[in-house]
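Trainee: Position 294 of the first sequence, counting from 1, maps to 304 under my numbering, and the rest follow consecutively. Where is the CB? At the ideal position from N, CA and C, for every residue including glycine. So that we are looking at the same thing, I have put the structure below in structure tokens.
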Amino acid sequence: MASSQKLTEYERKRLENIRRNDEMMAALKIHSKATELSASSSAKRQRVVTKSYKVSPEKKPRTQSPIVIRRSLRTRGMPPEYSDFKALDDTVEATPMVAKTLTQSNPSPRGLGPLSCRDAYRGTGSDKLLMERILGVSKKPHEDFGFENGGDSIKGGLELGSLSLNPENIARVVPGRIMNVRFLPCSNSKMIVVGNKFGDVGFWDVDSSMDKDDGIYLYHPHSGPISGISIQQQCSSKIFTSCYFGFIRLMDAEKEVFDLVYSSNDSIYSLSQRPDDIKCLYFSEGRGGFNIWDERVGKCSTQWNLHEDRINSIDFNSENSNIIATSSSDGTACIWDLRSVNVDQPKPLKEVRHNRAVQSAYFSPSGSSLATTSMDDTVGIVTGVNFDNTSMIKHNNQTGRWISSFRAIWGWDDSYIFIGNMKRGVDVISPAQKRTIFTLESPHMSAIPCRFDAHPYNVGMLAGATSGGQVYMWTLG
DNA sequence: TATACGGTTACTATT
DNA sequence: AATAGTCCACCGTATA
Numbered sequence: 011m012a013s014s015q016k017l018t019e020y021e022r023k024r025l026e027n028i029r030r031n032d033e034m035m036a037a038l039k040i041h042s043k044a045t046e047l048s049a050s051s052s053a054k055r056q057r058v059v060t061k062s063y064k065v066s067p068e069k070k071p072r073t074q075s076p077i078v079i080r081r082s083l084r085t086r087g088m089p090p091e092y093s094d095f096k097a098l099d100d101t102v103e104a105t106p107m108v109a110k111t112l113t114q115s116n117p118s119p120r121g122l123g124p125l126s127c128r129d130a131y132r133g134t135g136s137d138k139l140l141m142e143r144i145l146g147v148s149k150k151p152h153e154d155f156g157f158e159n160g161g162d163s164i165k166g167g168l169e170l171g172s173l174s175l176n177p178e179n180i181a182r183v184v185p186g187r188i189m190n191v192r193f194l195p196c197s198n199s200k201m202i203v204v205g206n207k208f209g210d211v212g213f214w215d216v217d218s219s220m221d222k223d224d225g226i227y228l229y230h231p232h233s234g235p236i237s238g239i240s241i242q243q244q245c246s247s248k249i250f251t252s253c254y255f256g257f258i259r260l261m262d263a264e265k266e267v268f269d270l271v272y273s274s275n276d277s278i279y280s281l282s283q284r285p286d287d288i289k290c291l292y293f294s295e296g297r298g299g300f301n302i303w304d305e306r307v308g309k310c311s312t313q314w315n316l317h318e319d320r321i322n323s324i325d326f327n328s329e330n331s332n333i334i335a336t337s338s339s340d341g342t343a344c345i346w347d348l349r350s351v352n353v354d355q356p357k358p359l360k361e362v363r364h365n366r367a368v369q370s371a372y373f374s375p376s377g378s379s380l381a382t383t384s385m386d387d388t389v390g391i392v393t394g395v396n397f398d399n400t401s402m403i404k405h406n407n408q409t410g411r412w413i414s415s416f417r418a419i420w421g422w423d424d425s426y427i428f429i430g431n432m433k434r435g436v437d438v439i440s441p442a443q444k445r446t447i448f449t450l451e452s453p454h455m456s457a458i459p460c461r462f463d464a465h466p467y468n469v470g471m472l473a474g475a476t477s478g479g480q481v482y483m484w485t486l487g
């Protein structure tokens with residue numbers, strides 16, 4: 011009412027600073043009571059789905075931001091370009107030393123200390139079972155790929171008509187808008203990890219949810235939107251998450267902590283790891299920045315400026331891990347060879363032009379194709395020996411403000427691409443036929459699925475996530 | 001060149 | 001059943 015409908019640039023920055031500061035507080039375990047007592051008590055009632063996250067009364071998720079209370083500070087005569095971390099509110103003023111250490115662009119990762127899983131946990135029951143499950147499934151040796159070796163084609167092809175959504179495979183894993191969904195890359199588990207707009211990370215252990223427990227666990231390791239989740243196949247008890255407010259944390263199930271591995275004053279928009287290297291993180295930062303963080307030296311070994319605007323996705327080619335694809339709000343998707351990027355004038359191997367921002371660019375399982383998704387209402391398919399052949403397929407990608415942008419992902423071989431639509435369905439695009447050939451629909455999908463992940467081992471197991479915190483897990487048969 | 005604003009969109013919680 | 005609140009994306013346009 012009194013507060014304006016829109017946030018000005020200045021207000022956005024201030025809010026970001028406040029949230030960033032919250033994150034810092036959390037890391038130091040001196041989280042102020044004030045931020046926790048934000049919302050009035052509200053018993054979570056269950057709606058359509060039976061499975062839902064539950065929150066301990068002590069630790070409520072912040073569905074209401076403290077912005078209303080703190081915005082009044084502006085009227086106290088704060089200058090518009092106020093520097094980070096300084097006297098934004100009383101809480102910060104009380105800890106100037108802490109603020110100081112964070113403003114350094116490359117602070118020691120240990121300097122902030124870890125955030126224990128216990129402190130980040132927001133659920134009611136114990137999360138011991140989750141830790142055991144994560145460690146249990148990741149310790150077991152992986153079976154060989156359950157489906158065809160290279161991934162060029164699945165034996166007999168995937169029968170789209172057999173994909174179904176069973177009511178027990180639906181859960182509300184986190185509150186609010188899911189930005190990212192990921193399967194734990196283990197052949198013997200159905201563990202789904204999601205990150206939402208509030209900085210929550212939710213786990214859904216689908217198998218355990220068959221029993222008495224619902225298998226849902228909620229953590230709050232970040233204070234801003236989760237921009238990326240990265241888990242490696244050979245190291246699946248280590249879960250990396252990045253946040254818009256410039257933080258990367260590593261959840262280590264063995265140590266039961268969310269370690270802070272990197273912090274920056276710039277936004278981090280995407281996070282990835284090279285499949286064959288567990289020591290480095292690849293992420294995008296600020297306007298077009300691309301960084302490689304090297305754990306062995308504890309700093310960024312590479313900082314390139316690859317795009318004119320934010321980089322929305324980073325993807326590695328499965329056949330050659332020196333090759334990556336980036337997508338950017340500057341309207342392009344690019345393929346790069348990491349061995350030959352010129353620092354001053356980076357030249358991509360291939361540039362795909364769209365008429366609007368590009369939200370994603372993912373290599374096909376075989377590595378020979380690329381699928382891009384853009385706000386210009388197309389899905390681009392790039393094929394050919396040198397990715398010479400580009401075709402644009404029409405698809406309505408106008409998700410508006412409340413739904414996360416669509417990002418077309420590949421299934422388990424090169425034959426199908428999956429992308430959400432505004433009618434609560436999942437469109438299946440055939441790159442060969444260059445059109446939408448099928449749509450997954452279900453009366454159980456009560457919201458628009460906008461972010462997806464395909465299980466890396468189980469063919470037909472597709473997770474779709476919504477802006478209301480729900481996850482739908484489609485299965486074969 | 002940068003900032004501001006209006007408009008677009010759907011889902012949840014509350015009445 | 002209806003409606004208020006969300007607000008961190010993006011585009012096009014207007015303004016400094």
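Compare the C-alpha of residue 285 against each of 404, 480 and 195 and name the closest.
Mentor: Your numbering for residue 285 matches position 275 in the first sequence. Selected option, being the one with the closest Cα: 195.
Trainee: Taking Cβ positions, are residue 438 and residue 418 nearer each other than 8 Å?
Mentor: Numbered from 1 along the first sequence, position 428 holds the residue referred to as residue 438. Numbered from 1 along the first sequence, position 408 holds the residue referred to as residue 418. No. Outside cutoff.
Trainee: For residue 310, which residues of its own chain have a beta-carbon under 6 Å away from its beta-carbon, when the five flanking residues on both sides are left out?
Mentor: Residue mapping note: residue 310 aligns to position 300 of the first sequence, counting from 1. Taken in chain order, the residues that qualify are 301 and 303.
Trainee: Note down the Cα distance separating residue 173 from residue 452, rounded to an integer number of angstroms.
Mentor: As a working note, residue 173 is residue 163 in the first sequence. As a working note, residue 452 is residue 442 in the first sequence. Using only the alpha carbons, I get a separation of about 10 Å.
Trainee: What residues are listed by DSSP as bridge partners for residue 480?
Mentor: Indexing the first sequence from 1 puts residue 480 at position 470. Residue 480 is bridged to 182.
Trainee: Count the other CB atoms, across all protein chains shown, that sit within 10 Å of the CB of residue 398; report buried if there are 16 or more and exposed otherwise.
Mentor: Taking the first residue of the first sequence as position 1, residue 398 is located at position 388. Classification for residue 398: exposed.
Trainee: Taking the continuous alpha helix (DSSP H) assigned at residue 138, which residues delimit it?
Mentor: As a working note, residue 138 is residue 128 in the first sequence. Here the alpha helix (DSSP H) through residue 138 covers 138-149.
Trainee: Go through the region 446-470 residue by residue and report every complete run of the beta strand (DSSP E) that reaches 3 residues or more, in order.
Mentor: As far as the region 446-470 is concerned, its whole beta strand (DSSP E) runs of at least 3 residues are 459-464.
Trainee: So, with DSSP's three-state summary, where would you put residue 72?
Mentor: For the purposes of this step, residue 72 is taken as the residue at position 62 of the first sequence. Caution applies to residue 72, whose pLDDT of 44 falls short of 50 and renders its modelled position unreliable; the model cannot decide the point.
Trainee: Could you spell out the range, first to last residue, of the alpha helix (DSSP H) harbouring residue 130?
Mentor: Within the first sequence, residue 130 is the residue found at index 120, counting from 1. Run containing residue 130: 127-130, per the alpha helix (DSSP H) assignment.
Trainee: Which of helix, strand or coil does DSSP assign to residue 349?
Mentor: Within the first sequence, the letter at position 339 stands for residue 349. Correct three-state label for residue 349: helix.
Trainee: Could you check if residue 443 is buried or exposed, using at least 16 other CB atoms within 10 Å of its CB as the buried criterion?
Mentor: Residue numbering aside, residue 443 sits at position 433 when the first sequence is read from its first letter. Answer is exposed; the Cβ neighbour count stays below 16.
Trainee: How would you write the range of the beta strand (DSSP E) that residue 9 sits in, first residue to last?
Mentor: No answer is possible for residue 9: it lies beyond the span of the chain, which begins at 11 and ends at 487.
Trainee: Spatial neighbours of residue 402 within its chain, please: CB distance less than 6 Å, with the 5 preceding and 5 following residues excluded, ordered by chain position.
Mentor: Residue mapping note: residue 402 aligns to position 392 of the first sequence, counting from 1. Once the five neighbours on either side are set aside, the close Cβ partners of residue 402 are 388 and 390.
Trainee: Based on the DSSP output, what are the partners of residue 314 in its beta bridges?
Mentor: Numbered from 1 along the first sequence, position 304 holds the residue referred to as residue 314. In the DSSP output, where bridge partners are listed per residue, residue 314 has 300.
Trainee: Work out the CA separation of residue 271 and residue 247 for me, nearest whole Å.
Mentor: If you number the first sequence from 1, residue 247 lands on position 237. If you number the first sequence from 1, residue 271 lands on position 261. Spanning the two alpha carbons is a distance of roughly 16 Å.
Trainee: Using the DSSP secondary-structure output, state which residues sit across from residue 63 in a beta bridge.
Mentor: Residue mapping note: residue 63 aligns to position 53 of the first sequence, counting from 1. According to DSSP, which records beta bridges pairwise, residue 63 is partnered with nothing at all.
Trainee: Quick check on DSSP: helix, strand or coil for residue 197?
Mentor: Your numbering for residue 197 matches position 187 in the first sequence. Three-state DSSP puts residue 197 in coil, outside helix and strand.
Trainee: Answer yes or no: do residue 212 and residue 234 have a C-beta to C-beta separation smaller than 8 Å?
Mentor: Start at 1 with the first residue of the first sequence, and residue 212 comes out as number 202. Start at 1 with the first residue of the first sequence, and residue 234 comes out as number 224. No, they are not a contact pair.
Trainee: Indicate the three-state DSSP secondary structure (helix, strand or coil) for residue 330 in the structure shown.
Mentor: Along the first sequence, one-based indexing puts residue 330 at 320. If DSSP states are grouped into helix, strand and coil, residue 330 belongs with coil.
Trainee: So residue 362 packs on residue 392, CB below 8 Å; how close in whole Å?
Mentor: Within the first sequence, residue 362 is the residue found at index 352, counting from 1. Within the first sequence, residue 392 is the residue found at index 382, counting from 1. Contact holds; Cβ gap of about 6 Å.
Trainee: Report the option in 198, 370 and 170 whose CA atom is closest to the CA atom of residue 446.
Mentor: In the first sequence, the residue the question calls residue 446 occupies position 436. Measuring from the Cα of residue 446, the nearest candidate turns out to be 170.
Trainee: Could you tell me the alpha carbon to alpha carbon distance between residue 471 and residue 341, rounded to whole angstroms?
Mentor: Your numbering for residue 471 matches position 461 in the first sequence. Your numbering for residue 341 matches position 331 in the first sequence. In a straight line, the C-alpha of residue 471 is about 31 Å away from that of residue 341.
Trainee: What residue range is occupied by the uninterrupted beta strand (DSSP E) comprising residue 264?
Mentor: Walking along the first sequence from the start, residue 264 turns up at place 254. Residue 264 -> no beta strand (DSSP E), and no H or E assigned at all.
Trainee: In the structure shown, what three-state DSSP assignment does residue 206 receive?
Mentor: One-based indexing of the first sequence puts residue 206 at position 196. The answer is strand: DSSP assigns residue 206 an E or B state.
Trainee: Where residue 479 and residue 335 are concerned, what is the direct C-alpha to C-alpha distance, given to the nearest angstrom?
Mentor: Mapped onto the first sequence, residue 479 falls at position 469. Mapped onto the first sequence, residue 335 falls at position 325. Their Cα atoms are separated by approximately 28 Å.
Trainee: With DSSP collapsed to three states, give me the class of residue 90.
Mentor: As a working note, residue 90 is residue 80 in the first sequence. Reliability fails at residue 90, whose pLDDT of 28 lies under 50, so the model's placement of it is uncertain and the value that follows must be treated cautiously. Coil.
Trainee: Determine the closest residue to residue 181 out of 64, 141, 374 and 197, with distance taken between C-alpha atoms.
Mentor: Counting from one through the first sequence, the residue named residue 181 turns up at place 171. Nearest option by C-alpha distance: 64.
Trainee: Between the region 226-233 and the region 251-259, do three or more beta carbon pairs fall short of 8 Å?
Mentor: Short answer: they touch.
Trainee: Hey, could you find the ends of the beta strand (DSSP E) residue 399 is sitting in?
Mentor: Reading the first sequence from its first residue, position 389 is the one you call residue 399. 399-404 is the span of the beta strand (DSSP E), which, as asked, contains residue 399.
Trainee: Look up residue 472 in the DSSP assignment and give the residues it is bridged to.
Mentor: Taking the first sequence and counting its residues from 1, the one referred to as residue 472 is at position 462. Partner(s): 464 and 484.
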